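Enquirer: Residue numbering for the sequence shown follows our numbering, beginning at 38 and increasing consecutively. No residue lacks a Cβ here, since even glycine has one placed at the ideal position from N, Cα and C. Every value quoted in this text rests on a predicted model; they were computed, and no experiment measured them. Encoded as structure tokens, here's the structure I'll be asking about.
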Amino acid sequence: VQLQAFGGGLVQAGGSLRLSCAASGSIASTNVMGWYRQAPGKQREMVATIAAGYRTRYEGSVKDRFTISRDYAKNTVYLQMNDLKPEDTAVYYCHVDRWGDDYWGQGTLVTVSS
């Protein structure tokens, strides 16, 4: 399984970005896909995940601003990020939990200027 993420960039506070991550290989609908992020000097943290039946989880600070979605036919997961804040600045990684095996994308940098 390989994951390729797109969509990072530089945006002003209050702006929006949409990340996408395409997975190659066999991904089942029951495999959880998600986004994590790592800010400079901080540990990687979960941002949002989406499981079978479109069940979603969000980190508290993004819950009302970010939306995760998934196209099962395309093995692609998206993260719509609205009302971005400087504290959202980080490298964002897509992730797949494939029956207990973890797969990570290469990361895409999101920089939010104040």
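Inspect the CB distances between the stretch 118 to 135 and the stretch 53 to 63 and report whether three or more fall short of 8 Å.
Expert: Contact between the stretch 118 to 135 and the stretch 53 to 63 is present: three or more C-beta pairs spanning the two stretches fall below 8 Å.
Enquirer: In terms of residues, what are the limits of the beta strand (DSSP E) holding Y140?
Expert: First-last of the beta strand (DSSP E) with Y140: D138 to W141.
Enquirer: Measuring alpha carbon to alpha carbon, tell me which residue in V69, Q75, Q49 and T148 is nearest Y130.
Expert: Q75
Enquirer: Is G62 closer than 8 Å to I87 when the C-beta atoms are compared?
Expert: no
Enquirer: Give me the residue from T93, K111 and P77 with the minimum Cα distance to V84.
Expert: T93
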